Each structure stands twice: as C-alpha cells, then as structure tokens.
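In what follows, a structure is listed as structure tokens, so that the remarks can point back to it.
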Amino acid sequence: MLVASPRPKLSISNVFTDDFLPLILRSGLFALLLSLVVAFLFARWIADPLQRVVTTAREMPSADVKPVDIRGPHEVQELTRAFNAMMMRTQASQRSQRDFVANVSHELKTPLTSIQGFAQAILDGTADSDEARQKAAQVIYDESGRMHRMVLDLLDLARLDSGTADITMSPVKMTALLNAVAEKFSPQLQRTGVQIKVEGAENLPAVTADGDRLAQVFTNLVDNALKFTPQGGSILLHVSVVNGEMRVAVSDTGMGISAEVQKHIFERFYQADPARKGGEKHGAGLGLAIASEIVQAHGGRISVRSRQGEGATFEVFLPLGKK
0 MLVASPRPKL SISNVFTDDF LPLILRSGLF ALLLSLVVAF LFARWIADPL
50 QRVVTTAREM PSADVKPVDI RGPHEVQELT RAFNAMMMRT QASQRSQRDF
100 VANVSHELKT PLTSIQGFAQ AILDGTADSD EARQKAAQVI YDESGRMHRM
150 VLDLLDLARL DSGTADITMS PVKMTALLNA VAEKFSPQLQ RTGVQIKVEG
200 AENLPAVTAD GDRLAQVFTN LVDNALKFTP QGGSILLHVS VVNGEMRVAV
250 SDTGMGISAE VQKHIFERFY QADPARKGGE KHGAGLGLAI ASEIVQAHGG
300 RISVRSRQGE GATFEVFLPL GKK
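The sequence shown maps to residues 0 to 322 in numbering that gives the first Met the number 0.
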C-alpha cells in the first residue's frame, strides 16, 4: 500500500547548504581555470608569431636578419609570409644601394687619382717638357671624359628606373638604323681590322619605338662586341621577324662568355672577365645594363647566348604592334 506524503519545501538557502554546493564550486573553479588556460594558450598561439614579426622588424635597419618562422593561425601565417617577402625585398634593395655606392666610389676613384696626379705634375714642374705636359693634359682630358660619360649613364639609368626617361615612339626601319650604327664604328673597324656586316631585308615592317634609344642599345652592343673581338674578327648584325616580333641579333667572333658570367652580364657595374685583352679599360660596366633597361621600356627582352671560344650572340626582341 502506497502512502503519499508532501515533499519538503526547498528554498535557495537549502540548495546552498546541501551537499551539491561543494560540487558546484569545484566545477565552476575548474571551468574558470580551464578557460584561463585555453585563453592563455590561444593568445600565445597568436601573439608569439606576431611578436617575432615585431622583433624582426625592429632589427631590420641595423643588420641582416633571417625570415620569421611561419606559425600560428592561417591569417597570421599569411601576414608572416607577406612580411618575409617584404623583408627580402628590403634587404636586396639595401644590398643594391651599398653595392651601388661602393661601385661608383671605385669607378670615380681611378680617374680622379689620374687627374690629380697629372695635374700635380704640371703644377710642380715634374712635367717639364712640352711632350710631358701634352701627355698629362691628354690623360686629364680622357679621364674627365670617362667620368662625364659615367655620370650621364647613371643619370640615364635613374630616369629609366623611375619611368621618367624621355622616350618618343615612332615607326623605325630597323635595317636602316643598324646600318647607321655600324657606320659610326668605321674608325675603330679600320684600326682593329674587325669587319661588321648588317643583314636584313629592306621591306621588313617598321617597329614602333624610340629610334635614338634603340640606336643607343645597338651602339652599346656593338661596342661591347668590339672590346672582345680580336683583330681580323667579325661582327654580324642580323634583323628578322620571328613569331610576330622584331629580332635583332648581334654576333661576334670573340672569346665567348662563360655560363657564370652570362648570369650577371646585364647587372650594373658588372664587368665580364676584366683580364681579357690585356686588362684594357672597358668602362664602368653600365652599357649592357642601360641596353637592357631601354629594351624593357619598349616592352621587349634581351638575352645572350654564348660558349667560351665560340663568340657570343646578343638577341633583342621587340613587339611589332604599338604599346
């Protein structure tokens, strides 16, 4: 037989005084501690990679630093990758600036030393004959001209880099332009016995370009070929249309260019094998860099093919359509 009895009436105070209170408190404390630990670990997961980025950013101006390890959530990893890429570009730019200052200083030091020495010889009477004074004056003139050309080349490169170079586009007949370039080298060709030949059909389409700038490109390429072509050698300028582009190849019968040198040949101040041809002065190493910049400003490309002992061929490709 079941007998129903009324349930005791519970109050809030009863709940907090019964056996459940310690369990509730322990559970709440555990949950609080767990949430604090999770929050701390999550914050470290995000904050540590960001702190490494901040630390590396502060060290960048004073020294070469290594890329930041890629860790953390996806968004932080993307930020770190972008930062590393920016850091590498900045370091490359800083190295380039340091090399530029060092190279310019070196290239200016040699002619300035010669000018100072021969000027001193004239002033103190060491150059005591008309012949000696004439020689000193000629050296001063030649070296000052060398510095002037280098300054003009540097200004040219700066304008090309900044996109402020004066480039006037008009139709250019490439065969006629190459013939004009070859004609300018007649005195050197007669003196060295090197032959130069231009090959290309007269009815080739015109290329839309700056004729003066292209003449500068091919003058630099022919000048470079002459420096390394022995007496009795030859230089060929061949123009044709290949796959909708104007192709101009400047080939020589010189000593050729090693594979390692080819990797750097269009870099500024880079001089390939300076010991060749008896250590002659070959300029500041800016001619090919300028040629490359001008070709790129026309939307074209330039490359070199060579094997040592078999000469070299520089190829310039220019778009036939208007830019």
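Virtual Cβ for every residue (Gly too), placed ideally from N, Cα, C.
Fair warning: this is a prediction, and the values are worked out from it, not measured in the lab.
Once the 5 residues before and after Glu-314 are set aside, which same chain residues still bring their CB inside 6 Å of it?
To locate residue 314, count along the sequence shown from 1; it is residue 315. The residues are Ala-248, Ser-302.
Does the Cβ of His-263 have 16 or more other Cβ atoms within 10 Å, making it buried, or fewer, making it exposed?
In the sequence shown, counting from the first residue as 1, residue 263 sits at position 264. Per the 10 Å Cβ criterion, exposed.
Could you give the distance in angstroms between the alpha-carbon of Val-36 and the alpha-carbon of Leu-28?
One-based indexing of the sequence shown puts residue 36 at position 37. One-based indexing of the sequence shown puts residue 28 at position 29. C-alpha separation (whole angstroms): 12 Å.
Three-way DSSP call (helix, strand, coil) for Val-221 in this model:
Here residue 221 refers to the residue found at position 222 when the sequence shown is read from its first residue. Helix at Val-221.
In whole angstroms, what is the alpha-carbon distance linking Ala-135 and Leu-107?
Numbered from 1 along the sequence shown, position 136 holds the residue referred to as residue 135. Numbered from 1 along the sequence shown, position 108 holds the residue referred to as residue 107. Ala-135 and Leu-107: Cα-Cα distance of roughly 18 Å.
Restricting to runs no shorter than 4 residues, where is the alpha helix (DSSP H) found entirely within the stretch 183-217?
185-191
Residue of Glu-74, Ile-139, Val-241, Ala-101 minimising C-alpha distance to Gln-119
For the purposes of this step, residue 119 is identified with residue 120 of the sequence shown, where counting begins at 1. Cα-wise, what sits closest to Gln-119 is Ile-139.
Where does the unbroken alpha helix (DSSP H) through Ile-256 begin, and where does it stop?
Sequence index remark: in the sequence shown, residue 256 carries index 257 (1-based). Run containing Ile-256: none; DSSP gives neither H nor E here.
On the CB-based measure, 16 or more other CB atoms within 10 Å of its CB, does Met-85 come out buried or exposed?
Numbered from its first residue, the sequence shown carries residue 85 at position 86. Met-85 comes out exposed.
Leu-154, buried or exposed, once every other Cβ within 10 Å from all chains shown has been counted against 16
Along the sequence shown, one-based indexing puts residue 154 at 155. Exposed.
Test item: CB-CB of Thr-218 and Met-168 under 8 Å:
The residue given as residue 218 occupies position 219 in the sequence shown. The residue given as residue 168 occupies position 169 in the sequence shown. Against a cut-off of 8 Å, the Cβ pair of Met-168 and Thr-218 comes out as no contact.
Please list the terminal residues of the continuous alpha helix (DSSP H) segment that includes Phe-82.
For the purposes of this step, residue 82 is taken as the residue at position 83 of the sequence shown. Residues 73-123.
Cross-strand partners of Ser-233 (DSSP beta bridge)
On the sequence shown, residue 233 is found 234 positions in, with the first residue counted as 1. DSSP lists Gln-194 as partners of Ser-233.
Here's a check: name, in chain order, each residue in its chain whose Cβ is nearer than 7 Å to the Cβ of His-297, leaving out the five neighbours to either side.
Reading the sequence shown from its first residue, position 298 is the one you call residue 297. Only Ala-208, Leu-317 meet the Cβ criterion.
To the nearest angstrom, how far is it from the Cα of Leu-225 to the Cα of Val-193?
Along the sequence shown, one-based indexing puts residue 225 at 226. Along the sequence shown, one-based indexing puts residue 193 at 194. Taking the straight line from one Cα to the other gives about 8 Å.
In chain order, what residues of the same chain have a beta carbon less than 8 Å from the beta carbon of Ser-291, not counting five sequence neighbours either side?
Here residue 291 is taken as the residue at index 292 of the sequence shown, counted from 1. So the list reads Phe-265, Ile-301, once near-sequence residues are dropped.
Continuous beta strand (DSSP E) stretch holding Arg-304: start and end:
Taking the sequence shown and counting its residues from 1, the one referred to as residue 304 is at position 305. Counting along the chain, the beta strand (DSSP E) containing Arg-304 begins and ends at 300-305.
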